[in-house]
Structures are given as C-alpha cells and as structure tokens.
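S.K.: For the record, the sequence lines run as chains X and W.
All residue numbers for the first sequence refer to the numbering used here, where the first residue is -2 and numbers rise by one.
All residue numbers for the second sequence refer to the numbering used here, where the first residue is -8 and numbers rise by one.
Every residue gets a Cβ at the ideal spot worked out from N, C-alpha and C, and that includes glycine.
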Amino acid sequence: MADNKIYWSGLEELDRTPEFEQLESQEFPAERPVDEFLADDRLQRANTGRRDFLKFMGFSVTAATLAACETPVVKSIPYTNKPEEITPGVANYYASTYYDGHDYVDVLVKTREGRPIFVKSNTETGYGRVNARVNASVLGLYDSARLQAPQLNGEATDWTTLDGAVQKGLSGAGRKVLLTGTVMSPSHSRAIAALAEATGVEHVQCDSISYGAIVEAAEKDFGRRVFPSYDFANAKTVVSLNADFLGTWGDTVWYTTEWAKTRRPEDGAMSVLHAFESGMSLTGSNADRRTRVKPSQQGNVAAALLNEINGQGHVAGLDEAILAGVKAAAADLKAAGANGLVVAGDNDVATQCIVNAINVALGALGTTVNINEKAALHQGDDAAFATLVEDMKAGRVSALIVDGTNPSYHAVDAAAFNAGLDKVAFSVSTALFADETASRCTAIAPNHHWLEAWNDLQIDPERIDIAQPTIQPLYDTRHATESLLAWAGQTVDAYTFLRRTHNAAYSAEAMYTDQDWNTGVHNGFLAVATPEKVAAAYSGSALAGALAAVKGRKGGGFELDLYRKVTMGDGQQAGNPMLQETPDPITKTTWDNYVTMARADMEAMGLNTYIAEKDPASVVKVTVNGTSIELPAFPQPGQLPGTVGIALGYGRGAGNEAIGKAAYQVGEGGDHLADAEGNLVPIGKNAFGLAGSVEDLPAFSAYDVTVQATGETHPLACTQLHHTIMGRDSVVKETTLDGYLAEADAKRGDASWNRVIGLNVHDDINGDGEINALDKKAAGEFDLWHEHAVDGVGHRWGMAIDLTSCIGCSACVTACHIENNVPVVGKDEVRRHRDMHWMRIDRYYASDWSKERGAEEGLGVISTYAKMEEPGANPQTVHMPMMCQHCNHAPCETVCPVAATTHSNEGVNQMTYNRCIGTRYCANNCPFKVRRFNWFHYPGYDKFQNLNPAQDAIQRMVLNPDVVVRSRGVMEKCSLCVQRTQGAKLEAKKAGTPLEDGSAITACAEACPTNAITFGDLNDTSSEVRATYDNNRTYHALEEIGVQPNVAYLTKVRNTPNA
Amino acid sequence: MLSAPSAATAGIWDEGNIENGQALFNANCASCHKVTNEVLAAPGLAGIADRWGSSEEILVQWIQNPQAAAATGDPYVKSLVDRYVGTYGWMTAQAVSADDVKDIMAYVQNPPDVVATADTGTDCPTIYDALEEEQGANGTIWFLILLTLFLIIALSAATVRRSLERAAQEVAEDDDAPYVVRLRAWAWDNIAFVSILGLFVVAYLVVIGYQGLMGVGVYQGYTPDQPVKFIHSVHVCENEVDCQYCHHSAYESKHAGIPSTNVCMNCHKAVKKGSRYGEVEIGKIYAAIGFDAESGTYLDGEGQNGYQSPQDDFQGKPLKWNKVHNLPDHVFFSHQQHVVVGGLECQNCHGDVGKFTVGRIAPVEEINGLVDDFPGLIELSKPTLTMGWCIECHNKAEISFASSGYYEDIHERLKDDLRGNEELRKYLEDEKTTVKELGGWECAKCHY
C-alpha cells in the first residue's frame, strides 16, 4: 500500500491533544498575551504614569501628523572617486571559494555597492553546491562581535607590538607548535613551512570533527594517510553506516549533488540507498530502506555485510530485523558490483577497515571509492594532538599558535587542553572572535573573514580554487598567512605571497597582466597539471584484527550517538541567528539541542512526549563515564529504543566569550539572560565532552550511558505543529520505482500513483441513471472564481518541486531568508508559531496504517483513525518544501478588504505591503498556511535587539536593497522573488531579445543542491519548468480545493521494492 | 590602440558625414570642446584643419590615446602637450574609430547649427525665478475666497436692511435676554442669510481641507538646499552637457545617481572658475576630492582620477547632497526601464532641468508645457512623483511591439490562438497596447 501512506506532521498530531486540535483550526492562537503584559511587574515599576502616557500619546500623534506634512530630508552621498566596476544599483558577482574545515564549495558572491550580500553556487565552473551553512555564512562577515584590532593580554594593540611579542614568544626553549584545522591552501602551507624553518615551529592539524579512523584505516589498508574521495554519481547502491553524507558527513555538498544525479526516475533507473543508524539523520530520512541499529552494533553490521558479500565477515549480535536489512543491502550491493559504495560514519578504525574490505570486495576501488584522487580533506592527527596536550600539561610547550581551530570548545577533553594552555608561556590565536580558545591565549592576531581575503585552496589535484576578497577588510585584521610570515620574519603581503606560490617570478608590475591568472580569478580556479594517478593496492592485513575487535562489542542500558545538525554543523557559526532559527530538517526544532529519544523509552521514564508552545520538554540527565549533561528530551520517531542522540555544535561561548550576540539566550524582553554568576547563557549544551576517545580518536558515540529524568522542564521551539494532512493523500503523492516504471508512459492524471482528484457533483454525469458517489468531476474543472487569464499571456512564473530529489537540507530556507530580508524572530516567537520563514520544509512521517487496511481488518472508522495514529516504528519520511503556491484562484485574494494581495497577469500572487492593514483574513483563508504576519517592528523593537540582523548597525549591511524591510502590522509571504523576475525581464528588454529560460531564477531554486526546484516561465513552451510541469508525476498540493496553484510538486519515487 | 591604417584616415578632413559627426561630437567631445574658438574645458576646435601640423594617423591616435600619440615623439603633438596639458590636463582617451573621427572633423569644420546654438544661449535663465511663479499658485484659492465673500455680500445685501430693522425692533422688545439667545433669535429670523453663509463656510472648509490633505506627500517644487550651489542651467543649457554625461547610470541602473566627484573633475580640472560663484563652489569639489587648484595635482598623488585606496593619506570627503526625488522604501523605480526600454526623455519626468539651478521636482504643469519641444512627452494631470502620476502615465504610454525582440515574443504569445487567452486578446483590438494592459498597473511591478 505504498501509494496510500498516511502522513502525520508530528507526534502531537498523532496524539490529537486538545492544544493540537485548537491549533489545527486556528493558525494564530486567539489568546493575546494582554493579561501577561498588564500583569507584568515592570509596568508597575515604570516611571510613566497613565496621564503622562496620554500626554506623550497626544504629543506623538500631533508631532507625527505635522511631520507627515514635511518633506523628509534624505542624504545622498556619491563616491568621490567611483570605482570603475561599480554602478550604484547594479550587483556584481565574484567567483570565490568557501572552506571552513568541513564544507568546501566554489561560490559566486553577490555584492551591491561593494557589500557582499548573497552567496550562491558557482555552477558553471565550480566544485560543489552551497548548503545552509555556506549561504548563511555571509552574515558572519558583518558580526559586530568580530575582533576589530589585534590583542595582547586582553587589550587592543598594534600589529608591530604584537609581532614583537609573538617573535619573542617563539624564541623560547621547548616545543613550539602551530595548531590548525586541516590546511587546504598551498600558500598557507608554504607560509607554515617558512615559519617552521625560521622558528622551529611544529605543525599539528586537528579537526573539530575527527575523521581520523577513516584516514588511519586508509593507511592500514592502502598505505596512504588520506581521506578517500567518494564518487556518488557512479554509485548504484549506497549503504550508509551512520554516515550522514547528505547532511553533515565528509564532503557533504559535493556528495549531495552527485548522489541526486542518480535519483531521477525519468532515467529509468535510480540508485538505492540503505541506511543503518540509531537516530533519524537527514540521510536516514531519505533512505530507501532504513534499518535501526545501535551504535555498538555498527561494526557487526559491517562484518555481516562483508559476510554476505564474500563470506569473510561474521554474524554476531544482530537481531532478525537488522539481519533482514543487511541481507537486503548486501543483495543490492552485489547487484551493483563495482558501482556499490559503503560509507561509515563511525570514527572507529575497525569498522572502517571492514568497510574498506567490503568496498574492495565489491570492486568499487577506482569507481566509487578513490584513495588517491582528491586532495586532503580531514587530515587531522588526533594522536599528535593528544601528545601536544600532554606536553602542554607537562609544561614542555613554550609557545602555541592556534590558527583556524578552537580546541577549547571542541576538544573531547577541553578541560585538559585548557589546563595545558595555561601552562604555555606564550600563545596566540588567529581567530576572528575572542572565542573559547582565543580568549585564553596571550595574544590574538585576528584573521580576515573569508569574504575579505585572498586565498588559494586545493581539494582537486587538477585545480587550485581561488578565493578573492569581495570587500575591504572591515576592521584592523590581518590575513593569517601574512601573520605567520611576519612571525617568520618575512614582510610580504598575503596577496603577493599567494601569487608567488603559483608563479615564483611574480612581481607587483605584473599584477594585472597575467592573463591565466586573470581568467583563473574570473572563473574561480586555476587549472594545474594533472598528477599521475597511482592505483592504490589493498593489503587487507588489518581485516582479521578489525573483525575480532568488533565481534564482542556490547552496549549497556542506553547507547549514545553524537550527531551534527544540518544547520549548525560543528558550531563554528553559533553566532549566526539565521542558522539558529532555521529548523532542523528532522525535528523541526530551532535554537536548541536536545536528547532525541524513542517515544517508548520516554513514556517508560514518565517524560513529556508532547512538546508545544505551552508544553515544555522534560529535561534528562545523560551520563557517560561520569560526565553528565542535562538537556531536554525530544521524542524522535524512528529512534531505536535504547538509544539516544545529542547534537554537537551547541553550547558555544559557555565562558562569556564574545562570539556574537545571537549565540546566547535572550529573555522575553530581548535582553541576554544571565546565570547566577552573571555569565551569559549559551544556546544548548556542549556535547563534545561526551564524545569519549578510543586510542586518542574521538568516538562520538558511547555504548553504555545512563539517562535519568531530572524533573526539570525546558521549552523547545518547533516550527511544525500547526499543520495537518491526516488522511489527505493529496498533499504528498508517492510511489515506488517499480510502480513508476510500470506506468511511466501514463498521461498526467492517469497513473495509479498520480490520479486526478475527483469531487462529487449532484448530477448524474456518469449516466448510470442515479446520482451517487460515482458521479465525480476532476477538481480542476470546478470554478468558483472567474477565470484569471494567465495562460499564454506574457509570462507565467511557475515552479515545480521534485519530491524525489528534495532531501530537506534547508539550503533553500536560508537562501530565501537572506535574499528576502526575512526577519529573525528568536526562540520565544518561534515557540508562539510566529516564525517568519517564507519558505519552510514540511516533514511528514508515514504511518503503517491506512483506511484500506482498517477496512480489510474490519475495523470501524474511528478505530481505523485511532490505528492510523500509531506511529510506524521506523517510518518513511517525506520532505516537502512549502511556500506560497501562487494560486490562480487564490483564496487569500478574495478576502482581503483592501486589495493588498492581488493577482498579476504573470501568475504571481502579489503582496503589497504598503496597502496591507493587517486584518490577517488572508492568512486564515490560506489552505497552505504560508502567510506570515509582522507581529512586531522587527528592525526596531527591543525584543529582537540581540537577534535580528536588521537591528545591528553593521549587520544590517547584509540586507538586500532590492527588497523592502517590512514594518509592523503587515502580512508577508513568498513573492517568487519578484525582484529577480523583474530584473531578468529588464535585462531581456534591454537586450531586445526574448527572455532566456533560466535567466530568472528564485533564490531557493538557485540554492538547491539537488536541483529539486525548477523555476521559470510556464508560458515559454521551451522552458525547463514547462517540461517539468507537464511531467506525469506532477500534481498540485490539495488539488481538491481547486485553487489552481502555479507551484507544482512531482510525485516522490522511492527505490524500494513494492510492499 | 594602434594608429589606424592610412587607408582609413585618407580624406579625414573632407569626406565625413556632418550629421553623424554632430551626434558623435555631442556624445564624446562637447563636454570639453566647442566648435568655435571659445575655450570650454579645452581649446575650441575652430580651424583645426588649418593648424593641425601632423599626419592624419597621428590625429586619430591623438584622439584615441593621447599618451600613446605623445609617445611617438611627433614634434607637433609634443608642442600641443607642452602648451595645453599643463593647463587642461590630458584628454581622456576616446573610444572612436578612424571613421568616426572623419565624421567629427567634417562637423567641426562645418558646424551647421553653430549660429543657432549661439542664439539659444540667451534662452538660458540667468536667475532662478520659478519660486516667484510658485507664489502665484495660491492665487486661485484667494480668488475663490473673494468670490465667496462677494456672493455672500451680494445675496445678503437685500436682507440686511430688513434684518437690522427687525433686530432693532426685537432689542427694544427683549433687552434682557442673554446674548446667545438673542443671536439665535436673530439667526432664526435671518434663516436664509445664515444658511447661505453657513453653506459657503462649510464648502470653503471642505475645499481647504481636501486640498490640504491631497497635498500631503506631494512634493512638487521641492528644492532643497545643496552643499554645492550647482547650477544646472549653466551646465545643461549654456554648455549643453548631456544629462547622461553626469547621470550616466540612468542607462545602466535603476538609479540615475548623483555624479561622483571624479566626473566633475573631468571638466573642472581645467575649468577652475565658475561664471556665477567664481572659485567658491568649485573649490568645494576640490576639497572633496583632494585637488590642489594652483598646482593642478591631486593630493593623493595618484595622478588624474586615481583610484584611492584607504591606505592613501588623503581620504576623500564625499559631498553630502540632499536627495531631491525621494521615493518611499517600498517603491522600486528603475531609470533603466524607462530610459533605455521605454525610450523616455529625461524631461518627461524631470522637466526642463536646464532652467533650474539646483535639483528640483518640476511641477506637472511645467512639464506639460514642454510638449511642443519634446513631441514624445506625455501630458499628465496628477502631481509629479505621486503614484497617481505614475499610473496615469502607465495608462497612456504605449508599447511598441516591434521595438524589441522581447516585446515581439510577448506579442506572439498574445496572438497565438492555441495558447493565447480570449480575454486578454482584447488588448490587441484597438491596435495599441498600453503599459497598463501588459500589467503596468499591477502592484508588484513597483512594490516588493
């Protein structure tokens, strides 16, 4: 019954709690907090009496009236010397490269009047596609908490003094160490070598998220200490053993794009994805078959897989359900042969060695797994770091340079590192912020933000990617390469040094004359000679030991998996309010981390499983080897009972470090909360301390943990509570690949998986002589409204979203957020369902029950619904991007009393803010619940002072000047990026040519790494969106209500066997 | 930019097209050179053919790339450099071909409208007097008031005498009653007079109130003071500098833009003294960009119009102009759309700026008055820079489908019976399509 799954939007819906039912019928809670406001003590303490208040009011009204009659004086300040390439009002794009230690993407940076305001993929020549973390990173440039000058002993200083101090610090006896993340820049490496030569500094690399086991396993099995490159585009079967490669694991952005290429049902075949995990990851939610295994069983799952494939492994400690999953995965792997691929996320050398054996047995070496192709990602050496910490604690380290990493936050034993750091005579950090590590260092030599700096980066041996500055440094910062060189005694600027890396003879006279370089900067990369590939030889000597190591593994009461959220990553952007507010694609929770638990476990412990505006989550205490953490518990469907998950990347700035205003919790008044000692309260808790280490490798999982209820509660802000699709299969349509292929040639509306939805009419239209339930007419044929002429006239903007490709990564959400100046409203407002995202991704879980099954088993209607409310233990998931559907028969338009929302003849539902008087009738009448109301003046009201970028004098520079910042009391919603369609039309008119398909594209479609979103002119018969729209998988959400949207969805096709 | 082959330069003095040359001259040369002997920002060009002492190739090169021409070591060019560069600075390299130069030279030697141009000079206002005209606009109101008063007097004249008589009678009868009561009694007795008077008072207040409210947000005639007393009439009318020479981004962007100071310096590096305010106002430009008028050098030491980096000792001090044409934040107006695509003249919205001093919002009546000089101008009735004014024009302005491939494509879609929509094909019936019919009245065209 794969075609008739029932989706429910969350556990609240399943429970049908009174609060949920109330919310279901009302998008906006009727109750306004007037009583709360009046009862507030602060009101009594205020100095302003009622009479004064009336006086002020009277004066303000009069003043405002008078002021309205005056012409406002606006200053207009032109350049004194206008740079040739800048025309005010016209955007410039520059190719650059983003690398933060995890994500590596070639990007285009959009600048307006010299300000970078948007980051998008460099799709023409670039590597990878942006994700939420990359496109939101532009906000970090303008963070007012960034260091504005070098610091020495906590006080601002100048560079000369600082350099003197560092050089003195480096002249001491003992170990002198440069600690970095994985360095991908040839120039920076060269500077490190120069520093080592001049001062004897040793270089230690340490990643915040260690991939040490993979690198070590590669060394054992192939003799090369590298992170392999995985070619997902070549893979026909992918098996993920707790590797969230679509969200956070490895070179995510590259894998995502490549994997999506294999998932087009129109090609007649799709790759198949098996996932083995304990909690629900983004990859697991997109898996064709997801098997739930405990962290302690992962190694044995790998062994069982190997056993199925070539008999070398073993079967130990796995139950029937897991073995069934293993058999299914092994069968698909064997069918794919060399096009099979197994990836494992556990940082465990034994598991990784077994995975290597599987990939080798499949013959995948050279097709989907390459040991030698890509340059070094994830080169951290955890053993060297452990030795360093030991030496620091023993006082053997005289100087430490920390460059681009933050071990005081992310080290598994941060306390040991900090204790060691206190014993280092001189330490200096190149951090942008006085973060956990930098604030403990003697000196800080702040680096440029990536948008301010020249850089060269290399992930692909055939090319050097170039990052170019898109703005002058905002503050008195210095390129880290230049700092290292200065400390090595070389006075050379970073740019010259970088040019000399690629052309030793470079001199300033040749700055603009090297055409190869100019082309490289324009395209974003320099092609370099392809190094000869040397095939890797598999030794297999480590396999027996690895199998033995995993065989006896057993877990305790609870097992823990430490994962990363798609939005927050390793936490380096904790001060980015847009990322904090972007809901996690699975839990739909913002501004927090929590313990994901199975519902059954929570019920057994008496914890609250219903989390809503006024129903906070129960706080639990998770203890691992004596280390405890207290976090709210979140009931996660699909979580294996007996396991818990906690997201890393939270709890930044626990020592009051200045890492950005948005990194700390705020109270209802908008001020930062402070604990008893007056310290700011970070968002969430730091779980790196629970990671544990095995032979210096952080394990990020624990096999024996205790979970105790504390009796405390903590509110969580989830965005998905106010929707219901119970029993409405017109919202999400799906089928299996076999089901699709069986009717691949069916006309749209004919296939069993995408039938036209019919409505009954009171007329004998089928001619059977009576008026009955069989008299149905297609929903699209009903017309309550006058025809709105959009077909064939001018443009008709339309969008098609392929649910097969959409993985829920939320890159579109952040792209939309930045492009359209959507305000950040903070946890308290999100909790009240006043989130402002124009674009959201609805996540629906499937239930094992349907009306048909209920009928078959002879249950009554009510019992059937009750059964349908039972969650599937391991539900399938759908991610459905939802934004204004731009209905041609828009219910919102008919109820607006002031015609503030109207239809254009380009098919766009227009929202005119300056006309809106805020009745909110439109939001109430919207079947998709996509309209957002400005409850407050977000750019000015105190409550948002520490959250909304528009309230920060510097951060507001990120606002898009082509979109107005809405004021209080108006409704807003997706405009299909009308500023972009208008711009594209203008370009076409100027050129005097028909509008080219693809020249107008919305921010979400541009950001989508899997090309799930197609946008264009439906009236252009040759456009891509027209073709997608005419696909037989295409349907409209809630087709039966006949609103005729211009946004369409494509039936989700899973590559699962027919049930 | 190498010197052109001699075949292209042959007959440079006498074979060009005068009309084409005039257009080229106005576009490229007129901001600095005149065709007479008069010096503008550079020597006048009258008699150039007689005095040019070098080859035609060198002439073309001298125009295309003066520095390169000087580098050839040509003695005549050297003499030019010695004589003029110190005073006027290097000429900006011009992107013109050898054929263009031919046309320009034809025009320079035989300027057909040189006399006419000289004559129009007298039309240029020497003093800004529109302000006085503004005062006259209130005249209508005073006329209405006076008319009302006159009518009241005329209508009531007949009853006054009778009223007075009756009043006197009543006073005699009821002297003790309070004033209010007596007034009411009087009003009751003179009901016709009081009613008419009341009607006029109410009508007057309504008219005044209505006009007052309609005037909220109307900024016709708004002429803010500016940091530099820039005189448009001197630049536009007397010296015939094209609008786009300074406001060039009207063609490239949605903003017409206020020229950056380096644009001023193109001419004012040479023109150091203004005709009205002498060195005072031009001195403000020099102070902003950092230019020493006496030595003729930039303080940042980077030569002419050198790009200043923040590391330079001298930081530019931008001029803080007061914006004249203010639109609210939620209005997105694009100059490009109207000037490049719509082909509108600047005067259509800004009036005859050549008659202004500093920037000013031209009242709609003033703009309508230009219709004889600008045949394409669309006469409108609503006040300038109000939404009514915008959409009135969108209702009247027509789109020529043949004007561009873009509109041709849209037209084809409208005509297409298979795809075209019945309801909207009516737009094609009257043989003309206005901006409104293609969606020019839709909110999201300007508000987003």
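#1: So, are the CB atoms of V1044 of chain X and T801 of chain X less than 8 angstroms apart?
#2: For I74 of chain X, which residues in chain W fall below 9 angstroms Cβ to Cβ?
#3: When DSSP labels each residue in this structure, what does R267 of chain W get in the three-state scheme?
#4: Looking at C-alpha atoms only, which residue of W:P319, W:Y277, W:V331, W:Q85 is the closest neighbour of P309 of chain W?
#5: Are three or more beta carbon pairs between the region 519 to 528 of chain X and the region 88 to 106 of chain X nearer than 8 angstroms?
#6: So, under 8 angstroms CB-CB, T177 of chain X and T402 of chain X are touching, yes? Tell me the CB distance rounded to an integer number of Å.
#7: DSSP state of C1117 of chain X, grouped into three classes?
#8: Which residues in the same chain have their Cβ closer than 6 angstroms to the Cβ of Y439 of chain W, if we skip the five residues on either side of it in sequence?
#9: In whole angstroms, give me the CA-to-CA distance for I859 of chain X and G603 of chain X.
#10: Determine, for P443 of chain W, whether the minimum Cβ-Cβ distance to residues of chain X falls below 8 angstroms.
#11: Measure the alpha-carbon distance for I3 of chain W versus T214 of chain W and round it to whole angstroms.
#12: If you run the structure through DSSP and keep just helix, strand and coil, what is A416 of chain X?
#13: Counting only Cβ pairs nearer than 8 angstroms, list the residues of chain X close to G430 of chain W.
#14: Do you know how far the Cα of T916 of chain X is from the Cα of F685 of chain X?
#15: Do S615 of chain X and A595 of chain X have their C-beta atoms closer together than 8 angstroms?
#16: For chain W, find out if any of its Cβ atoms is closer than 8 angstroms to the Cβ of Q1041 of chain X; answer yes or no.
#17: For T139 of chain W, collect the residues of the same chain with a Cβ closer than 7 angstroms to its Cβ; drop the 5 residues on either side in sequence, then sort them by chain order.
#18: Cα-Cα, which of W:D5, W:L135, W:K314 is closest to D41 of chain W?
#19: If we ignore side chains and look at the alpha-carbon of each, how far apart do C237 of chain W and Q58 of chain W end up?
#20: Run through chain W and tell me which residues come within less than 9 angstroms of Y910 of chain X, C-beta to C-beta.
#21: Could you work out which residue in X:N1052, X:E317, X:V135, X:V357 is closest to P466 of chain X when comparing CA atoms only?
#22: If you run the structure through DSSP and keep just helix, strand and coil, what is T584 of chain X?
#23: Should D233 of chain W be flagged as near chain X, meaning a C-beta pair shorter than 8 angstroms?
#24: Report yes or no: do three or more beta-carbon pairs, one from the region 275 to 285 of chain X and one from the region 630 to 650 of chain X, lie closer than 8 angstroms?
#25: For a contact defined as C-beta to C-beta under 8 angstroms, what are the partners of G989 of chain X on chain W?
#26: What residues match up with P632 of chain X in a beta bridge as DSSP calls it?
#27: So for A699 of chain X, helix, strand or coil by DSSP?
#28: Just grab the DSSP bridge partners of L694 of chain X for me.
#29: Look at D343 of chain X and A539 of chain X and say whether their C-beta atoms are less than 8 angstroms apart.
#30: Within the region 542 to 582 of chain X, note down every full beta strand (DSSP E) run reaching 3 residues or more, in order along the chain.
#31: At a Cβ threshold of 8 angstroms, is A107 of chain W touching chain X?
#32: Pop quiz: M404 of chain X and T439 of chain X are said to be a contact at Cβ under 8 angstroms. What is the actual Cβ separation, rounded to whole angstroms?
#33: Exposed or buried, P75 of chain X, counting other C-beta atoms within 10 Å across all chains shown (16 or more means buried)?
#34: Give a yes or no on whether the minimum CB-CB distance between I401 of chain W and chain X is below 8 angstroms.
#35: Run the CB neighbour count on M908 of chain X, radius 10 Å, all protein chains shown included, and call it buried at 16 or more, exposed below.
#36: Residues of chain X with CB closer than 8 angstroms to the CB of S454 of chain W, please, in chain order.
M.R.: With the structure as the only source:
#1: In the first sequence, residue 1044 of chain X corresponds to position 1047, counting from 1. In the first sequence, residue 801 of chain X corresponds to position 804, counting from 1. Cβ distance not < 8 angstroms, so V1044 of chain X and T801 of chain X don't count as in contact.
#2: Numbered from its first residue, the first sequence carries residue 74 of chain X at position 77. Ordered by position in chain W, the residues that pass the 9 angstroms Cβ test against I74 of chain X are I249, P309, L310, K311, W312.
#3: Residue numbering aside, residue 267 of chain W sits at position 276 when the second sequence is read from its first letter. Shown here, R267 of chain W sits in coil according to DSSP, grouped into three states, outside any helix or strand.
#4: Translated into the one-based positions of the second sequence, residue 309 of chain W becomes position 318. Check the Cα spacing between P309 of chain W and each of W:P319, W:Y277, W:V331, W:Q85: the tightest is with W:Y277.
#5: The answer is yes - the region 88 to 106 of chain X touches the region 519 to 528 of chain X, with three or more Cβ pairs under 8 angstroms.
#6: Along the first sequence, read from residue 1 onward, the residue named residue 177 of chain X stands at position 180. Along the first sequence, read from residue 1 onward, the residue named residue 402 of chain X stands at position 405. Cβ atoms of T177 of chain X and T402 of chain X come within 8 angstroms of each other, at about 6 angstroms.
#7: With chain X covering only -2 through 1056, there is no way to say anything about residue 1117 of chain X.
#8: What you label residue 439 of chain W is simply residue 448 of the second sequence in a count that begins at 1. The answer is none, since no qualifying residue turns up.
#9: For this step, residue 859 of chain X is matched to residue 862 along the first sequence. For this step, residue 603 of chain X is matched to residue 606 along the first sequence. Roughly 28 angstroms between the two C-alpha positions.
#10: Outside the displayed span of chain W (-8 to 439) sits residue 443 of chain W, for which this structure offers no information.
#11: In the second sequence, residue 3 of chain W corresponds to position 12, counting from 1. In the second sequence, residue 214 of chain W corresponds to position 223, counting from 1. Each residue's Cα considered, the two are about 48 angstroms apart.
#12: Taking the first sequence and counting its residues from 1, the one referred to as residue 416 of chain X is at position 419. For A416 of chain X, the secondary structure class from DSSP, reduced to helix, strand or coil, is helix.
#13: Taking the first residue of the second sequence as 1, we reach residue 430 of chain W at position 439. Result: G791, S901, N902, E903.
#14: Residue numbering aside, residue 685 of chain X sits at position 688 when the first sequence is read from its first letter. Residue numbering aside, residue 916 of chain X sits at position 919 when the first sequence is read from its first letter. A straight line joining the alpha-carbon of F685 of chain X with that of T916 of chain X spans about 48 angstroms.
#15: By 1-based counting over the first sequence, the position of residue 615 of chain X is 618. By 1-based counting over the first sequence, the position of residue 595 of chain X is 598. No, the pair does not count as a contact, with Cβ atoms beyond the cut-off.
#16: The residue given as residue 1041 of chain X occupies position 1044 in the first sequence. Under the 8 angstroms criterion on CB atoms, Q1041 of chain X is classed as non-interfacial with respect to chain W.
#17: Within the second sequence, numbered from 1, the residue matching residue 139 of chain W stands at position 148. If you ignore the 5 residues before and after T139 of chain W, its C-beta comes within less than 7 angstroms of the C-beta of F191, Y195, all in its own chain and listed in chain order.
#18: Position 50 of the second sequence, counted from the first residue, corresponds to residue 41 of chain W. The alpha carbon of D41 of chain W has as its nearest neighbour, out of W:D5, W:L135, W:K314, the alpha carbon of W:D5.
#19: In the second sequence, the residue the question calls residue 237 of chain W occupies position 246. In the second sequence, the residue the question calls residue 58 of chain W occupies position 67. Their Cα atoms are separated by approximately 25 angstroms.
#20: Here residue 910 of chain X refers to the residue found at position 913 of the first sequence. Within chain W, the residues near Y910 of chain X are H321, H438, Y439.
#21: Numbered from its first residue, the first sequence carries residue 466 of chain X at position 469. Here the closest residue by C-alpha is X:V135.
#22: Counting from 1 along the first sequence, the entry for residue 584 of chain X is found at position 587. The three-state secondary structure of T584 of chain X, taken from DSSP, is coil.
#23: Along the second sequence, read from residue 1 onward, the residue named residue 233 of chain W stands at position 242. Judged by the 8 angstroms Cβ criterion, D233 of chain W is not in contact with chain X.
#24: Remark: three or more beta-carbon pairs, one from each stretch, lie closer than 8 angstroms, so the region 275 to 285 of chain X and the region 630 to 650 of chain X are flagged as touching.
#25: The residue given as residue 989 of chain X occupies position 992 in the first sequence. The answer, in chain order, is S394, S395, G396, Y397.
#26: To locate residue 632 of chain X, count along the first sequence from 1; it is residue 635. Paired residues: X:M594.
#27: Against the first sequence, residue 699 of chain X aligns to sequence position 702. A699 of chain X falls in the strand class under three-state DSSP.
#28: Taking the first residue of the first sequence as position 1, residue 694 of chain X is located at position 697. BP columns for L694 of chain X point to X:V691.
#29: Indexing the first sequence from 1 puts residue 343 of chain X at position 346. Indexing the first sequence from 1 puts residue 539 of chain X at position 542. In this structure, A539 of chain X does not lie closer than 8 angstroms to D343 of chain X by Cβ.
#30: Segments of the beta strand (DSSP E) lying fully in the region 542 to 582 of chain X: 555 to 561.
#31: Working through the second sequence from its first residue, we reach residue 107 of chain W at position 116. Bear in mind that the predicted position of A107 of chain W carries a pLDDT of just 42, short of 50, making it unreliable; the figure below should be weighed with that in mind. With 8 angstroms as the cut-off, A107 of chain W does not count as an interface residue toward chain X.
#32: Against the first sequence, residue 404 of chain X aligns to sequence position 407. Against the first sequence, residue 439 of chain X aligns to sequence position 442. Note on identity: in this sequence residue 404 of chain X is Pro, with Met being the wrong assignment. For a cut-off of 8 angstroms, the C-beta gap from P404 of chain X to T439 of chain X is around 16 angstroms, too long to register as a contact.
#33: Within the first sequence, the letter at position 78 stands for residue 75 of chain X. By the neighbour-count rule (16 or more Cβ atoms within 10 Å), P75 of chain X is buried.
#34: The residue given as residue 401 of chain W occupies position 410 in the second sequence. It does: the Cβ of I401 of chain W has a partner Cβ on chain X nearer than 8 angstroms.
#35: The residue you call residue 908 of chain X lines up with position 911 of the first sequence. It is buried - the Cβ of M908 of chain X has at least 16 other Cβ atoms within 10 Å.
#36: Past the edges of chain W, shown from -8 to 439, lies residue 454 of chain W, and the structure says nothing about it.
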